[in-house]
Amino acid sequence: MEWKKFPKDFIWGVATSAYQIEGAYNEDDRGETIWDRYCSIPGNVLHMDNGNIACDHYHRYKDDIQLMKNMGIKAYRFSVAWSRIFPKGKGKVNQKGLDFYVELVDGLLKAGIEPVITLYHWDLPQALQDIGGWSNPDLPVYFLEYAKVLFEILGGKVKKWITLNEPYCAAFLGNYEGRQAPGNHDFSLALRCAYYMYVGHGMVVDYFKSSGLEGEIGIALNLMGRLPYSSKKKDVYAAKIADGYLNRWFLDPLVYGKYPQDMVTLYESNGVIMPEFDEEHLRLMSLEVDFIGLNYYNDFWVKSSKSRWPLGFVIENPPNLPVNDRGWPVTEQGFKDMLLRLKNEYNIRKIYITENGTSFPDVVTKKGTVEDGNRKDYMQRHISMMQEAIEDGAPVKGYFYWSLYDNFEWSFGYTSRFGIVFVDFESQKRIIKQSGHWYSDVIKNNAVKEETEHE
Ligand code: IFM
12 MEWKKFPKDF IWGVATSAYQ IEGAYNEDDR GETIWDRYCS IPGNVLHMDN GNIACDHYHR
72 YKDDIQLMKN MGIKAYRFSV AWSRIFPKGK GKVNQKGLDF YVELVDGLLK AGIEPVITLY
132 HWDLPQALQD IGGWSNPDLP VYFLEYAKVL FEILGGKVKK WITLNEPYCA AFLGNYEGRQ
192 APGNHDFSLA LRCAYYMYVG HGMVVDYFKS SGLEGEIGIA LNLMGRLPYS SKKKDVYAAK
252 IADGYLNRWF LDPLVYGKYP QDMVTLYESN GVIMPEFDEE HLRLMSLEVD FIGLNYYNDF
312 WVKSSKSRWP LGFVIENPPN LPVNDRGWPV TEQGFKDMLL RLKNEYNIRK IYITENGTSF
372 PDVVTKKGTV EDGNRKDYMQ RHISMMQEAI EDGAPVKGYF YWSLYDNFEW SFGYTSRFGI
432 VFVDFESQKR IIKQSGHWYS DVIKNNAVKE ETEHE
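Under my numbering, the first residue of the sequence shown is numbered 12, with each subsequent residue one higher.
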């Protein structure tokens, strides 16, 4: 094995989100979120799990900071729960909620860990859902008001801000596929939600830039390859549509200020009600961000299918691929391809990997360890590919593993573990997994070990 170095100022971090780890769902005047509501409805989440306690991070954050420090982690990406700051989504600020994040940020800085804040990671205050959620044109204004409060209190201390996490999931999985909160099944509604999320994103970027706040602002998008299942014309076309649905629908307005015409035509010709594209909105959406956050997990293969209106494709992977416990294939080459695509096709000048990770059914051995060689292998493959992409000119400046902890994995509840730290949800005991120790080594050496030919 040979150590292969990363650029000197490369940032090594981990990521989490509020609803997935905080718990304390009814403390200090936190308001109800769409995920509290969604989890309470039978059939939505495996075992009817919820985030009421999760990793109990709200009470254990000091120990959690110490653990990250011991692991040598340099940066911590977490999200703020909007409903702790504004329990009803707007109106009067809840000081107790704000205090929690101030203490968290101060604790991180004291420990030498850079805080990176995501403003919206899917946990919309329920009161805002009650007035239509993200489909309501007033939502962007409320989002800006919420962001302003955080900028005012934490601006200067926090130098990296992310407006939205994976708006594709929040809009389409939540409002079309119904697999996430708020659990709707309406394609037109999902499009409208995605649209106003982007208007909100743009308004926040605009404010951040014009107020001269120190630091950088960007967005975290889940972008992954969509490959044709066969070379048949119809599968090649299906893959193009799948790419438009997941990737281009979010990249194009951000970079070019317009939505991809082939997708607009497809949707319109299928009778989908389009949002009313407005010039000023498109201008806001395409204001230049300081970085793109890439959340990359895996590519998927795509087959043409009449069954799925209005998209006309289904996901079907070739047999015998290595997969994780969610059936997600391990496709590290796709990671490199996406990084180079962002550079070459979209001319993106700065990228952080804001998420990359995998889920396996980890167990604690008799010795009290967690031997997740499979996760370590996934990480090694992806980090090495990222390194190759950097060598080929991809402007990647940091990597945040998803996730620090096993946590509440949305509709999979606690059955899907992504952590490099194992969490026993009964006792709340944390155990650094083999992959976590390995990652500490990567960070310490600012390098990844490469297989060499003589081994
Ligand atoms: O847990 C999620 C996270 O909240 C958003 N990105 C994907 C992760 C794994 O599914």
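Where is the CB? At the ideal position from N, CA and C, for every residue including glycine.
{"Query": "Is the beta carbon of Lys103 closer than 8 Å to that of Asn457?", "Result": "no"}
{"Query": "With Thr369 and Asn335 assumed to form a contact (beta carbons below 8 Å), what rounded beta-carbon distance in angstroms separates them?", "Result": "5 Å"}
{"Query": "Hey, is Asn176 close to ligand 1, as in C-beta under 7 Å from one of its heavy atoms?", "Result": "yes"}
{"Query": "Which one or two residues does DSSP pair with Phe433 in a beta bridge?", "Result": "Ile442"}
{"Query": "Could you check how far apart the C-beta atoms of Ala249 and Glu177 are, in whole angstroms? I think they sit under 8 Å.", "Result": "Not really, about 22 Å apart at Cβ, beyond 8 Å."}
{"Query": "Taking C-alpha atoms, which residue in Tyr416, Arg441 and Phe433 lies nearest to Ile32?", "Result": "Tyr416"}
{"Query": "Short check: CB of Met349 to CB of Gly236, under 8 Å?", "Result": "yes"}
{"Query": "For Lys440 and Asp197, what's the separation of their Cα atoms in angstroms?", "Result": "41 Å"}
{"Query": "Secondary structure at Pro151, three-state DSSP: helix, strand or coil?", "Result": "helix"}
{"Query": "Using the C-alpha atoms, what's the distance from Leu238 back to Ser199?", "Result": "26 Å"}
{"Query": "Can you tell me the Cβ-Cβ gap for Phe411 and Ala26, rounded? I've got them flagged as a contact below 8 Å.", "Result": "4 Å"}
{"Query": "What distance in whole Å lies between the Cβ atoms of Leu119 and Ile64, which are believed to be in contact at a cut-off of 8 Å?", "Result": "Actually they do not touch by this definition, with Cβ atoms about 22 Å apart."}
{"Query": "Less than 8 Å between the C-beta atoms of Gly430 and Lys444, yes or no?", "Result": "yes"}
{"Query": "Figure out for me which residue from Tyr69, His58 and Ile128 has the closest Cα to the Cα of Tyr87.", "Result": "Ile128"}
{"Query": "Do the CB positions of Met208 and Trp145 come within less than 8 Å of each other?", "Result": "yes"}
{"Query": "Gln191: beta carbon under 7 Å from a heavy atom of ligand 1?", "Result": "no"}
{"Query": "Using a 10 Å radius around the Cβ and a threshold of 16 neighbouring Cβ atoms, would you call Ile22 buried or exposed?", "Result": "buried"}
{"Query": "From this set, Arg392, Tyr72, Lys378 and Gln137, which residue's C-alpha is nearest Thr342's C-alpha?", "Result": "Arg392"}
{"Query": "Terminal residues of the continuous beta strand (DSSP E) containing Val459?", "Result": "Ala458 to Glu461"}
{"Query": "Which residues does DSSP pair with Ala192 in a beta bridge?", "Result": "Note: Ala192 sits in no beta bridge, so no partner."}
{"Query": "Taking the C-alpha atoms as reference points, what is the distance between Leu109 and Val300?", "Result": "26 Å"}
{"Query": "I want to know whether the region 291 to 300 touches the region 261 to 270 - three or more CB-CB distances under 8 Å.", "Result": "yes"}
{"Query": "Going by the CB atoms, is the gap between Tyr69 and Ala35 shorter than 8 Å?", "Result": "yes"}
{"Query": "Can you give, in chain order, each stretch of the beta strand (DSSP E) that sits fully within the region 113 to 184 and has at least 3 residues?", "Result": "125 to 131 and 171 to 176"}
{"Query": "Cβ of Ser28 within 8 Å of Cβ of His132?", "Result": "yes"}
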